[in-house]
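K.L.:
One structure coming up, written as structure tokens, with questions to follow.
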Amino acid sequence: MSKTVSSNANQSFVQHNVIEPSRPPSNLVGPVAWAREHLFGGVFNTSATILILLFLAWVVPPFLDFLWFDAVWTGKDREACIFNDAHPDVGACWAFIKDRFSFFNYGTYPIPERWRVDVFFVLLTIAVVWMLKLSLPRRDLGAIFAFVILPVVSYFLLIGSPALGLPIVTTNLWGGLLVTLVVSAVGIVVSLPLGILLALGRRSTMPAAQVFSVAFIEFVRGVPLITVLFMASVMLPLFVPREFEPDKLLRALVGVALFASAYMAEVVRAGLQALPKGQYEGAMALGLSYGQMMRLIILPQALKVTIPNIVSNYIGLFKDTTLVVIVGLFDFLRTIETARIDPIWAAPTVSPTGYVYAAIFYFIFCFAMSSYARTIEQRLSKADKR
Amino acid sequence: MKKWVATAALAAGALMTASMASAGTLDTVKAKGQVVCGHGQGLAGFALPDAQGVWRGLDSDVCRALAAAIFNDPNKVKVVPLTSKDRFTALQSGEIDVLSRNTTWTLSREASLGLEFAGINYYDGQGFMVRKSLKLTSAKELSGASVCVQQGTTTELNLADFFRANKLELKSVTFATNDETTKAYDAGRCDALTTDASGLYSERLRLAKPDDHVVLPEIISKEPLGPSVRKGDDQWLDVVKWTQFVLITAEELGVTQANVDAMLKSDNPEIKRLLGTEGKFGESLGLTNDWAYRIIKHIGNYGESFERNVGEGSPLKIARGLNALWNKGGLQYAPPIR
Chain A
319 MSKTVSSNAN QSFVQHNVIE PSRPPSNLVG PVAWAREHLF GGVFNTSATI
369 LILLFLAWVV PPFLDFLWFD AVWTGKDREA CIFNDAHPDV GACWAFIKDR
419 FSFFNYGTYP IPERWRVDVF FVLLTIAVVW MLKLSLPRRD LGAIFAFVIL
469 PVVSYFLLIG SPALGLPIVT TNLWGGLLVT LVVSAVGIVV SLPLGILLAL
519 GRRSTMPAAQ VFSVAFIEFV RGVPLITVLF MASVMLPLFV PREFEPDKLL
569 RALVGVALFA SAYMAEVVRA GLQALPKGQY EGAMALGLSY GQMMRLIILP
619 QALKVTIPNI VSNYIGLFKD TTLVVIVGLF DFLRTIETAR IDPIWAAPTV
669 SPTGYVYAAI FYFIFCFAMS SYARTIEQRL SKADKR
Chain B
2 MKKWVATAAL AAGALMTASM ASAGTLDTVK AKGQVVCGHG QGLAGFALPD
52 AQGVWRGLDS DVCRALAAAI FNDPNKVKVV PLTSKDRFTA LQSGEIDVLS
102 RNTTWTLSRE ASLGLEFAGI NYYDGQGFMV RKSLKLTSAK ELSGASVCVQ
152 QGTTTELNLA DFFRANKLEL KSVTFATNDE TTKAYDAGRC DALTTDASGL
202 YSERLRLAKP DDHVVLPEII SKEPLGPSVR KGDDQWLDVV KWTQFVLITA
252 EELGVTQANV DAMLKSDNPE IKRLLGTEGK FGESLGLTND WAYRIIKHIG
302 NYGESFERNV GEGSPLKIAR GLNALWNKGG LQYAPPIR
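Sequence lines, in order, name chains A and B. Using the working numbering, read the first sequence as starting at 319 and increasing by one per residue. Using the working numbering, read the second sequence as starting at 2 and increasing by one per residue.
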């Protein structure tokens, strides 16, 4: 065989160099070809593309006009944003957002004490980044910081402690971004471990644990969050003495956290049921205890498959925090709603501007959560693709 | 059914609180070092947090005046924002000391909800706003006009009553929310917009061309708004009631925030009694004798508070109307301090 090749190699009519593959015809590569294949392939695709382009041309320019080109960026009061002959088309009134920016962040938190809220925001950011960015060092310390140090420090920082020289700031003064972040952070942090416990309880063979978990989950999922908050704010004060009445924010925190954990329990249970029975049997055959089996074999796999659902629960929870307005708390959205009715800023575009700002805010947070979840999924799914 | 349950619950609450022996709200307030004041969740001109997060408005001034009278510091107020559903329970349960939340004084509220109104700090009522171009001067000319109104409110019922009583033809256009109603009116969906007069003024500012619209003079319903307290504590009721009367009396006598110090030297016996340089009226209420001086020094008189929050000094520019003093064609009247 090798002889044949070598003998062929001597033949002068045989090409010695490998010919570079020639480029495909220009109508099969490049942007034109891509567009032809994906946008204009066939009558249906072509008409859909044209319709969508027309729709965008119809919607996007007015939207940009409103948000940017006609927008008002500076001003002290409504005079800046009302329609008059000088500017007959007024877009978004960003001057309003600028003016009320600190109100949206702190609500009615006393001004001299607002640095405490800033410190809390910084600490929370550090905790979140430390926990979520996998390349950072000493993430075990990060966990202690996030789950032990941060809650304790934040409590004394935000509520205050006369012993430390920080005046007390009662929770009825909290508002805006602060309330939204506190409620959702507590909900997110509490609901996962509690949800896992409830899910394990529901699948447990111990009747007490099972009955309790089933009853709790089904009861909580059977009533709307708004009812629970409403009961806590309207009926509770009638039946407990004044001194034992829990703080309004605390009522909301407990309500939201318990609520989220019931939903989380069902998500986790779905993950537990998705695992093949062999995983359980294998773990038991190795002589692992129940705790070891769950911690080392079952939960890591179950949680991995449920990441999309867990995150979508978190996103729902984050947006549900706006319901705390029922108990008279000023969350982020409520501060916008309050500010937009102020006659000092009464102008036709002020309300839409406020809502656009809220939409941008919620979108950034929710999109960040879902993007992070996607990267985690990709990292974890490497094992499956091997 | 739902409403019935809510009413029963409130009534039960009222009974429970009434049966609880109260330690005297004034003493509790003094011990706490602050007046706990129930507000709404924001109403332009009446109670609304400003850019710094401080509550301002006509209703806020009632609470600030109380704090000024008791502590000589108008900032010793703790504000509890309440929804319209939990405002009465908050008062019954003792969560708040005074409810100052644009609440209409009605018989059923006073008779069955266990609260007592301490006066009227704003006479409101339902009014109409129309385009100037229609050249209307009275609501009675609105026959056949389409009127934008919010659905399921007493406003809607009052509107129907008014048109029927005056034998006018009504075409009402209803919307679910206040915002939608205003927006529809601005878009020309109807000829007139109706809601409480104080609300009309703030909605007007949000129209594309506020100057093209006018509020008609007719007021077709009675909405007396005022602060209320728990039933069964007369001393506290008196304090809240007379705090309001001080504001009105001060305006009547021409005592203002600016001239109150000079007025201390006045020879007018009425002013002397008001400012406590004569008599012991403050002490008989459980306060100090300079209580009225403190209120006027920190808050001003009723007229000043009105102009600052809802009148000419504010963007709302509401005319005094019914809220002028009794001797200037209005209804604001205070019994004598003597």
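Even for Gly, the Cβ is constructed at its ideal location relative to N, Cα and C.
1. Counting only Cβ pairs nearer than 9 angstroms, list the residues of chain A close to S315 (chain B).
2. Indicate whether at least one CB of chain B lies closer than 9 angstroms to the CB of F373 (chain A).
3. What residues in its chain sit with their C-beta under 7 angstroms from that of W156 (chain B), if we drop five residues either side in the sequence?
4. Is the Cβ of A22 (chain B) closer than 9 angstroms to any Cβ of chain A?
5. Just curious, the beta strand (DSSP E) that Y124 (chain B) is in, first and last residue?
6. Classify Q333 (chain B) as helix, strand or coil using the three-state DSSP reduction.
7. Determine, using beta carbons only, whether Y473 (chain A) comes closer than 9 angstroms to chain B.
8. Output yes or no for whether 9 angstroms exceeds the beta carbon distance between T640 (chain A) and T498 (chain A).
9. Our contact map puts Q35 (chain B) next to K77 (chain B) with C-beta atoms below 8 angstroms; I'd like the distance itself, whole angstroms only.
10. Count the CB pairs spanning the segment 178–195 of chain B and the segment 644–651 of chain A that are closer than 8 angstroms, and state whether there are at least three.
11. What does a CB cutoff of less than 8 angstroms around S1 (chain B) pick up in its chain, not counting 5 residues either side in sequence?
12. Can you tell me whether S267 (chain B) is helix, strand or coil according to DSSP?
13. Cβ atoms of P228 (chain B) and N122 (chain B): under 9 angstroms apart, would you say?
14. Quick check: the segment 386–406 of chain A against the segment 661–675 of chain A, are there 3 or more CB pairs under 8 angstroms?
15. Quick one: which chain B residues come within Cβ less than 8 angstroms of N490 (chain A)?
16. Find the residues of chain A that neighbour D180 (chain B), judging by a C-beta separation of less than 7 angstroms, and give them in chain order.
17. Hey, how far is the Cα of V435 (chain A) from the Cα of I370 (chain A)?
18. Where do the ends of the beta strand (DSSP E) carrying S229 (chain B) lie?
19. Taking the straight line between their C-alpha atoms, what separation do you get for V240 (chain B) and K298 (chain B)?
20. Using a cut-off of 9 angstroms between C-beta atoms, extract the partners of Q151 (chain B) located in chain A.
21. Suppose you measure from the CA of L108 (chain B) to the CA of L114 (chain B); what does that come to, to the nearest Å?
22. Classify C411 (chain A) as helix, strand or coil using the three-state DSSP reduction.
23. Let's test the definition: count the other Cβ atoms within 10 Å of the Cβ of A22 (chain B) and tell me whether it reaches 16, buried, or not, exposed.
24. Can you find a CB in chain A that lies within less than 9 angstroms of the CB of W56 (chain B)?
25. Would you report the Cα separation of V81 (chain B) and L547 (chain A), rounded to the nearest angstrom?
26. Say yes only if the C-beta of L442 (chain A) is nearer than 8 angstroms to one or more non-hydrogen atoms of the ligand ADP, and no if none qualify.
27. List the residues of chain A that S203 (chain B) touches, going by C-beta distances under 8 angstroms, in chain order.
28. For V446 (chain A), I'd like the list of residues in its chain whose CB is within less than 8 angstroms of its CB, leaving aside the five on either flank, ordered along the chain.
29. In its own chain, which residues sit with a C-beta less than 7 angstroms from the C-beta of V437 (chain A), not counting the 5 before and 5 after it?
30. From the beta carbon of L114 (chain B), is the nearest beta carbon of chain A less than 9 angstroms away?
31. Mind checking P342 (chain A): buried by the 16 CB within 10 Å criterion, or exposed?
32. Using the Cα positions of D180 (chain B) and L208 (chain B), report the straight-line distance between them to the nearest angstrom.
33. For V99 (chain B), which of B:T244, B:F164 and B:L317 has the nearest alpha-carbon?
34. Here's the rule: buried if 16 or more other CB atoms are within 10 angstroms of the residue's CB, otherwise exposed. What is Q333 (chain A)?
35. If you count every other CB in all the chains shown that lies within 10 Å of the CB of L468 (chain A), and 16 or more means buried, which is it?
36. Looking at F387 (chain A) and T671 (chain A), is the spacing between their C-beta atoms short of 9 angstroms?
P.N.:
Once the coordinates are examined:
1. P661 and I662
2. no
3. Note that residue 156 (chain B) is Thr in the sequence shown here, rather than Trp. Same-chain partners within the cutoff: Q127, V150, T195 and T196.
4. A caution first: A22 (chain B) carries a pLDDT of 43, below 50, which makes its placement in the model unreliable, though a value can still be read off. No, A22 (chain B) does not count as interfacial toward chain A.
5. Y123 to D125
6. strand
7. no
8. yes
9. 5 angstroms
10. no
11. Because chain B is modelled from 2 through 339, residue 1 (chain B) falls outside the range shown and cannot be assessed.
12. coil
13. yes
14. yes
15. K79, V80, V81 and P82
16. S669
17. 46 angstroms
18. S229 to R231
19. 18 angstroms
20. Chain A residues near Q151 (chain B): none, gap ~15 angstroms exceeds 9 angstroms.
21. 10 angstroms
22. strand
23. Note on A22 (chain B): pLDDT 43, under 50, position unreliable in the model; the coordinate value appears next. Exposed: under 16 other Cβ atoms inside 10 Å.
24. yes
25. 16 angstroms
26. Among the components of this structure there are no ligands whatsoever, and the ligand ADP is therefore not found.
27. I659, P661 and A664
28. A464
29. L475
30. no
31. exposed
32. 11 angstroms
33. B:T244
34. exposed
35. buried
36. no
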